[in-house]
Each structure stands twice: as C-alpha cells, then as structure tokens.
Amino acid sequence: MAHGNAGLRPMRAAKGGALTGRARVPGDKSISHRAFLFGGLASGRTRVSGLLEGEDVLATGRAMRAMGARIEREGTSWIVDGVGNGCLLEPDAPLDFGNAGTGARLTMGLVGPYDFGATFVGDASLSRRPMGRVLDPLRQMGVQVAARTGDRLPLTVRGPRVAAPIEYRVPMASAQVKSAVLLAGLNAPGVTTVVEAVMTRDHTEKMLEGFGATVAVETDAAGVRTIRVEGQGTLRGVADFTVPGDPSSAAFLVVAALVAPGSDVVVENVLMNPTRTGLLRTLEEMGARIEILNRRLSGGEDVADLHVRHSELRGVAVPPERAPSMIDEYPVLAVAASFAEGRTLMQGLEELRVKESDRLAAVAAGLLANGVSHEEGQDSLLVTGRPDGKGIGGGTVATHLDHRIAMSFLVMGLAAEKPIAVDDATMIATSFPEFVSLMTGFGADLADLEPEAA
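Given below as structure tokens:
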C-alpha cells in the first residue's frame, strides 16, 4: 500500500441474492472535464446538466475558476461564465488536480501556450504518473517546462509570447494527448494539426465544433485521422449542454449483473459513442445478454438504456486494436473473464501501465489474491475463468489509490465463493461517488470494514 491508515475506507463485497432494478449512471467523466474546460474558455454562458460531480471533475472546475471563469452550481445544473478564448488569467496559486490525470493533462494543453506560468500539483498517485507525452508536443510549440525528474508533478509550464502551431503525429493511441494538443492550438496563430493512426474517443473534436471552433477531421483509407483546429478563433457558450451517462461507470453495473446469478437490471442513459463501446462489444462476444433500448441523442451524442441479465459467459480473444475504445474497462473485463468458461486473452494493454496505478499489475495482483488463474504479460493478460465462482475470493486487494481497481474487485466479490475486500474505497468518489448507493440499491452486499480488518 502506498499510504498510511489515516482516512482509509476498507470495504468488502460478498455473494448474495440477484441484483435487480433500474439505475441511471452519472455523467460521463471525459465529457464532464471538457464541459468545464470549454465552457470556461468560451465567451458567454454555458449551462451544464448531468455533470459528473466526482472529485476529479470538480478539480478541473476549480482550476478554470482560478484562471478567471465563473463556475457555480444552480440546482441540479452548473452555470459556467467563460473568459473568452485567449483570455485566461494567470493563476495566483498552484493548480491542484488531486487524482485527476485527464484534468491535469488537458489543462496543461489549454494553458501551455499562454504567456504566463502555471504550476500543476496532485496527490501521491497523480504525482507518479508521467506527463511527458503531453509536454513533448507543448515544447514543440515553444512552451517551457520546469519539472522534477521524469516530467512528473509538481511541474510548471510557461508559454512563449506567441505559440507556434504544429503538426503532431500522436505516437500512441491517447485521446488525452490528442486533446491537449488541440486545446493548445486554440491559443496559437494559424492551424494546429494532430494525426492519429488509431481513432480514440472523439469528444474533444465534437465539443470544439459545438462551442464554435473551426475544426476539420479527415480519415484516410487506412483509418488514419487528421484533425485540424484553427487557432485564436471565437468560442461561444452553449445555452444547454447535457452530459450523457458515463459508459465506464456503467461497466461496473453491467458486469455485476452479468456475473451475479439471477440478476436482471436496466442501466439508463449510457453514452454509446462508438469510440467508447469496446467493452459492450466484447461482452456480447462472450455471450452476455445485453439488450440495447431507447436509442436517442443527448448533448450531441448517442445514448441508450441497457437491459442486462445474468449470463453464461465464455472466454474470447480481445483484439489489441480494440483497446482504445475500452482502455478504462479492462479491470472490470478481467472480473467478467474470471467467471467465464475457458480463457480470455486481452492484448495491447501497455497504456494500463501508466494509469492511476500500474493497472495491469494491480489487476494481476488482485486476481492472484483471490485465486483466479491468470498470466500477466508486458502488455497482455490471460484469465482462465471459473463459471461457478468456486475457489474465487477470500483475499484483500491493494487498490493503490485507483478507483477502478477498487470498484472492479468489489464487483468480483458479488459472485465469488468467498467475500473479497479492498484496502480502500475512498477514492471511488473521484469518478463514481454514487457507486456504493447504486449497487446496494440493486441488492448488492457491500459493507465497510474497520481499517485493521481489511
């Protein structure tokens, strides 16, 4: 464990009855971050409904407020009065992003080209995460970076008098890097271009266009995407912006219903953007009974309700090219694979090494602690399942300050032969503060433990 016992919230999950009911997942985390960023940068007012009010997103809101945006909660909505493109103010104090890697990286891109200094700090977990992949293209635009060894937080960025637009080919499949460069391009004269060989989540492109930026996207015959944004243009606030439900949060409810015998649940308002549905596609290949209902548009995105019933799953090989569309869902997929007949092979997982924790190592350690047969590779995971759950459970999982590790293994405990504990569930609030209440509302057996009992 990377921290002491102060403030820990150990929790255990145990097998109980079937999960039943309906639940609406909170707003999408990626889109919620961008709603604060774009709304805070745009001229005029943006009213945001459905925002994910997790600690990560609120950290991004505080950062934008520190640079001049007015952000206030009004009823169930958030009102954002932006400063106008190019008009951010130099923050008086370091910008503290807590555990929010997406917020930190995207904000670095946004403020990097400004002719002032901004210091970024975070918690112990975020301070271990590499930022070089975002800082490298910013340096090409003339941004100076003062950081400790390895381009990790705390660090300070300071832009040039006039930033240089660049053409940048993203060396890995990363929506964060793509988005940071496009955001940096908003304050650079001329056209900034990003080329990505593999399509990643496209919320930034869609939302920039929705806020009035001049954006062009081209895809060639090989699937290579070229995105261009015109700098120093006007962004306008959006009168009513609705954040669709987060598919990464929905994933925990979906997998819990699939593996807990007798379960029958409906998860409402789930984002169905094709760059985010890799897990659903994989689960359907495994034999999951998931019915997609009430398809509709919300906030410019496709959403739907998911009717999920307990299913007899079978192992599959997940192609590595699917990783960008489900990178955050591999921990909970490993849980589903633990209860599937046969072996499930996941490849192309190198990005998991640089998440809130080394997620690949953390998942493998959690599987080991709970008796699940598996093989961990440098960028792969092979899981051999036990459909009846026999022999699974009884262990305590080290979460390493990672919310997705905590939630995934609590889901595993709902179908395992023996209860499963996680050493800390506190950080679940960073992305899915309603997780425990929604799960117990379905009938899940979750309970807090005394810290010494974890």
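For the sequence shown, position 401 matches number 400 in numbering that gives the first Met the number 0, and the numbering has no gaps at all. For each residue, glycine too, the CB sits at the ideal point set by N, CA and C. It should be emphasised that the depicted structure is a prediction, and the values quoted were computed from it without experimental measurement.
Rank the options by C-alpha distance to the C-alpha of residue i and give the top, closest one.
i: LEU312; options: PRO386, GLY393 and ALA220; result: PRO386
i: LEU94; options: GLY83, VAL110 and VAL82; result: VAL110
i: GLY230; options: THR45, VAL396 and GLY83; result: GLY83
i: ARG104; options: SER247, THR118 and LEU367; result: THR118
i: GLY22; options: PHE240, GLU416, PHE431 and ASN268; result: For the sequence presented, residue 22 should be read as Ala rather than Gly. When each option's Cα is compared against that of ALA22, the closest is ASN268.
i: GLY314; options: ARG308, ARG44, HIS373 and ALA17; result: HIS373
i: VAL382; options: VAL228, THR395 and LEU332; result: LEU332
i: THR101; options: TYR113, THR75, GLY53 and VAL371; result: GLY53
i: GLY194; options: ARG227, MET345 and ARG200; result: Going by the sequence as given, residue 194 is Val instead of Gly. Of the listed residues, the one whose Cα sits closest to VAL194 is ARG227.
i: PHE240; options: GLY209, HIS306, GLY97 and LEU366; result: GLY209
i: THR192; options: MET206, VAL216 and HIS309; result: VAL216
i: PRO246; options: ASP304, ASN293, VAL237 and ARG288; result: ASP304
i: ARG403; options: PRO418, PHE431 and THR395; result: PHE431
i: PRO273; options: THR233, PRO323, ASN293 and GLY286; result: PRO323
i: TYR329; options: GLY286, PHE251 and ASN369; result: PHE251
i: ARG224; options: GLU166, SER356 and ALA249; result: GLU166
i: ARG308; options: SER356, ARG294 and VAL258; result: VAL258
i: MET345; options: GLY370, GLY390 and LEU380; result: LEU380
i: GLU89; options: ARG280, THR155 and GLY232; result: THR155
i: PRO188; options: MET325, PRO112 and ALA363; result: PRO112
i: SER478; options: VAL24, GLY392 and ASP201; result: Given that the chain is displayed from residue 0 to residue 453, the structure contains no residue 478 and the question cannot be resolved.
i: ASP27; options: GLY384, LEU207, ASP55 and ARG46; result: ASP55
i: ILE391; options: ALA238, GLY74, VAL410 and GLY370; result: GLY370
Between the C-alpha atoms of residue i and residue j, what's the straight-line distance to the nearest angstrom?
i: VAL353; j: VAL180; result: 19 Å
i: GLY15; j: PRO9; result: 19 Å
i: GLY6; j: LEU57; result: 20 Å
i: VAL317; j: GLY222; result: 20 Å
i: VAL266; j: GLY141; result: 46 Å
i: HIS2; j: ASP422; result: Per-residue confidence for HIS2 stands at a pLDDT of 40, beneath the threshold of 50, marking its modelled position as unreliable; no derived number is given.
i: LEU348; j: GLN377; result: 8 Å
i: LEU18; j: VAL435; result: 13 Å
i: LEU413; j: GLU433; result: 17 Å
i: GLY198; j: LEU448; result: The sequence shown places Met at residue 198, not Gly. Rounded to the nearest angstrom, the two C-alpha atoms are 42 Å apart.
i: MET406; j: THR276; result: 19 Å
i: GLY440; j: GLU375; result: 35 Å
i: GLY97; j: GLU284; result: 37 Å
i: ARG132; j: GLN175; result: 9 Å
i: GLY299; j: GLU340; result: 39 Å
i: LEU445; j: GLU416; result: 15 Å
i: ALA428; j: ALA220; result: 42 Å
i: GLU158; j: ALA196; result: In the sequence on display, residue 158 carries Gly and not Glu. C-alpha separation (whole angstroms): 28 Å.
i: PRO319; j: GLY43; result: 43 Å
i: ALA13; j: LYS205; result: 42 Å
i: LEU182; j: GLY108; result: 6 Å
i: LEU292; j: ARG128; result: 38 Å
i: MET0; j: VAL161; result: For MET0, the predicted model reports a pLDDT of 32, less than 50, meaning its position is unreliable; a value from the coordinates is still stated below. About 45 Å.
i: ALA420; j: THR398; result: 10 Å
i: CYS86; j: LEU134; result: 22 Å
i: GLN143; j: PRO164; result: 15 Å
i: LEU437; j: PHE408; result: 16 Å
i: VAL396; j: ALA368; result: 7 Å
i: ALA255; j: GLU290; result: 16 Å
i: ARG342; j: ALA336; result: 7 Å
i: GLU71; j: THR45; result: 11 Å
Specify the secondary structure class of residue i as computed by DSSP and reduced to three states.
i: SER430; result: coil
i: GLY43; result: strand
i: MET10; result: strand
i: PHE240; result: strand
i: ALA22; result: strand
i: GLU350; result: helix
i: PHE470; result: The structure shown has nothing for residue 470, since the chain only spans 0 to 453.
i: GLY373; result: The identity of residue 373 in the sequence shown is His, whereas the question assumes Gly. Three-state DSSP puts HIS373 in a strand.
i: VAL223; result: coil
i: ALA1; result: Confidence in ALA1 is poor, its pLDDT being 37 and thus under 50, which makes the residue's placement too unreliable to answer from.
i: ASP95; result: strand
i: SER474; result: The structure shown does not extend to residue 474, since the chain is modelled only from 0 to 453, so the question has no answer here.
i: ARG147; result: strand
i: ALA368; result: helix
i: ASP114; result: coil
i: LEU413; result: coil
Per DSSP, residue i forms a beta bridge with which residues?
i: GLN139; result: In the DSSP output, where bridge partners are listed per residue, GLN139 has none listed.
i: ASP387; result: According to DSSP, ASP387 bridges with nothing at all.
i: VAL266; result: ALA22 and LEU305
i: ILE70; result: VAL79
i: GLU229; result: VAL190
i: ARG403; result: Answer is none; ARG403 lacks a bridge partner.
i: ALA420; result: ARG11 and THR395
i: LEU257; result: Answer by DSSP bridge pairing: none, since LEU257 is not bridged.
i: LEU380; result: MET345 and GLU375
i: THR59; result: According to DSSP, which records beta bridges pairwise, THR59 is partnered with nothing at all.
So within the region 153-202, which uninterrupted beta strand (DSSP E) runs reach at least 3 residues, ignoring any that extend past its ends? If we require 3 residues or more, the beta strand (DSSP E) runs fully inside the region 153-202 come out as 166-168 and 190-195.
Could you tell me which whole alpha helix (DSSP H) segments of length 4 or greater appear in the region 269-348? Runs found: 277-284 and 329-337.
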